[in-house]
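In full-length UniProt numbering, the protein residues as written are 1 to 354. Below you'll find the structure, written out as C-alpha cells, and then a few comments.
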C-alpha cells in the first residue's frame, strides 16, 4: 500500500503509459534492410523505394548514425530507442504566449476543457495557440511535464487536488415533505429540452449551519444568480430574499422554478403568488432532476467551500462570484459564455417592447 501511494505521489496520479514505437518510425527490420542495401551499393532513393519510405527519411537515418561508411543496424536501432525515451518538451514550455494565456485562465478557475474550447474559438486555424484539455491536465499533473506550467494552479481547478483521482459516486440525502407541493412530474414538458428559455432550477449551497446561500440557474443559458441569506435558512428567512431575486428577472424569463425538496421552500405558494412563477419540487433523493443546478453548485464549491461560514459573504461578494462563473465559456454553448447566451435571451423576440 505504501509503495502504491508513493507511486501515485511521484506520478501525480497520472498513469504513465509504456513507451511504444509508432509505425511512423523505422523498425529494426527496416534498419537491417538499410544496412544490407548500403553494403550492396544501393542509393538512398533505391532503399527508400524498396522500403516504402520517403528518401529524406532514409537519408536522415543514415546521416545521424555515422553515414554510409559506419552505419550499423543494431546501434542505429538502440540510438533511436534512447532518443524516443527522452522526455519531450511540453507544448506549453515551448510556447510562452500560450502558456501565459492558459495560466491566466486557470487563475480565473476555468477548467482545462473550457480553456481548450475558448482557445479554438479565439485562434481558429492557429495551432500554435491551441492545446487540448488533456495536455493541460498532463502539464499540471504529469511529473515529466511539471516544468511546463505553474503547478500551484491545481488549486484553482474544481477539485483543487494535487493528484488526479477517479470520480466517486456519492449517495444523495433525502429531504422533507412540503405542504401543498407540486411534483416535478406536473412540470410542463417544454422544460426538458431547454429550447424554451425562462425555466430555472434552484437549491441551497450549505456552509456551517445555519449558513447557506441560494442558487438559481436558468436551464437554457446556464446563467447563475447567487442569493445571500443573512438571516438563516428557515423558510420564513429564505422567502423574502428569494422572492426579491426572482422579481429581478424579466417576466418573459420567469416561467418556472424547479427546487429540491427542502424545508427552506415550504413557503413556495407565497413565492409563486408574488412572482407568478410556478414552483415544482423534485422527488426525494433525486438531485439529477435539477442537474443543471447541481452541477453549478459543484462549481461554486471553488468559491464557497464546505465548512465555511457563508454569512460572511455579502450580496456584492456573491454577485462577483456569479459574474466570474457566468463569464466562463461552456462546451455546451460552443464555448460561448452563459452571460452571452443570457444576453441573447434578454433581447429575444419574447421580450416586451417599449
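Where a beta carbon is used, it is the ideal one built from N, C-alpha and C, also for glycine.
Asked                                                                                                                                                              : Found
Considering Cα atoms alone, identify which of 202, 78, 232, 343 is closest to residue 288.                                                                         : 202
In three-state terms, what does DSSP make of residue 208?                                                                                                          : coil
Let's test the definition: count the other Cβ atoms within 10 Å of the Cβ of residue 82 and tell me whether it reaches 16, buried, or not, exposed.                : exposed
Name the two residues that bound the continuous beta strand (DSSP E) containing residue 226.                                                                       : 224 to 228
Could you tell me whether the Cβ atoms of residue 345 and residue 224 are closer together than 9 Å?                                                                : no
Under 8 Å by Cβ, that's how I've got residue 214 and residue 227 pegged, so tell me the actual separation to the nearest angstrom.                                 : 4 Å
In this structure, does DSSP put residue 192 in helix, strand or coil?                                                                                             : coil
Taking the alpha helix (DSSP H) that residue 279 falls in, what are its first and last residues?                                                                   : Here residue 279 belongs to no alpha helix (DSSP H); instead the beta strand (DSSP E) covers 279 to 281.
Going by beta carbon distance, what residues of the same chain come within less than 8 Å of residue 183, once the five residues before and after it are set aside? : 280, 281, 283
In three-state DSSP terms, what is residue 80?                                                                                                                     : helix
What is the DSSP secondary structure of residue 214, reduced to helix, strand or coil?                                                                             : strand
Comparing alpha-carbon positions, which option in 311, 193, 115, 67 lies nearest residue 330?                                                                      : 115
Does the beta carbon of residue 24 come closer than 9 Å to any beta carbon on chain B?                                                                             : You won't find chain B in this structure, because it holds only one protein chain.
What are the partner residues of residue 203, as DSSP defines its beta bridges?                                                                                    : 215
Counting pairs of beta carbons, one from the region 298 to 313 and one from the region 193 to 200, are three or more of them closer than 8 Å?                      : no
Quick check on the burial criterion: 16 or more other C-beta atoms within 10 angstroms. Buried or exposed for residue 268?                                         : buried
Mark residue 128 as exposed unless 16 or more other C-beta atoms lie within 10 angstroms of its C-beta, in which case mark it buried.                              : exposed
Measuring straight from C-alpha to C-alpha, what distance separates residue 131 and residue 76?                                                                    : 33 Å
Is residue 37 buried or exposed, if buried means 16 or more other CB atoms sit within 10 Å of its CB?                                                              : buried
For residue 233 and residue 341, I'd like the C-alpha separation in whole angstroms.                                                                               : 31 Å
May I have the straight-line CA-CA distance separating residue 89 from residue 139, to the nearest angstrom?                                                       : 10 Å
According to DSSP, is residue 256 helix, strand or coil?                                                                                                           : strand
Do the CB positions of residue 254 and residue 246 come within less than 9 Å of each other?                                                                        : yes
Thinking just about the alpha-carbon of each residue, which of 348, 315, 305 is nearest to the one in residue 251?                                                 : 348
For the putative contact between residue 191 and residue 256, defined by C-beta atoms under 8 Å, what is the C-beta separation to the nearest angstrom?            : 6 Å
Our contact map puts residue 91 next to residue 98 with C-beta atoms below 8 Å; I'd like the distance itself, whole angstroms only.                                : 7 Å
Under 9 Å, do residue 73 and residue 35 count as touching if we go by C-beta distance?                                                                             : yes
In its own chain, which residues sit with a C-beta less than 7 Å from the C-beta of residue 170, not counting the 5 before and 5 after it?                         : Note on residue 170: pLDDT 48, under 50, position unreliable in the model; the coordinate value appears next. Cβ neighbours of residue 170 beyond the five flanking positions: none.
From the DSSP output, in three-state form, read off residue 330 for me.                                                                                            : strand
Looking at the structure shown, is residue 183 part of a helix, part of a strand, or coil, going by DSSP?                                                          : strand
Would you grab the beta carbon distance between residue 149 and residue 205 for me? Rounded to a whole angstrom, and I think it's under 8 Å.                       : The pair is not a contact, with the Cβ atoms about 30 Å apart (cut-off 8 Å).
Please state whether DSSP places residue 356 in a helix, a strand or coil.                                                                                         : Lying before the first or after the last residue shown, residue 356 is absent from the chain, which here runs from 1 to 354.
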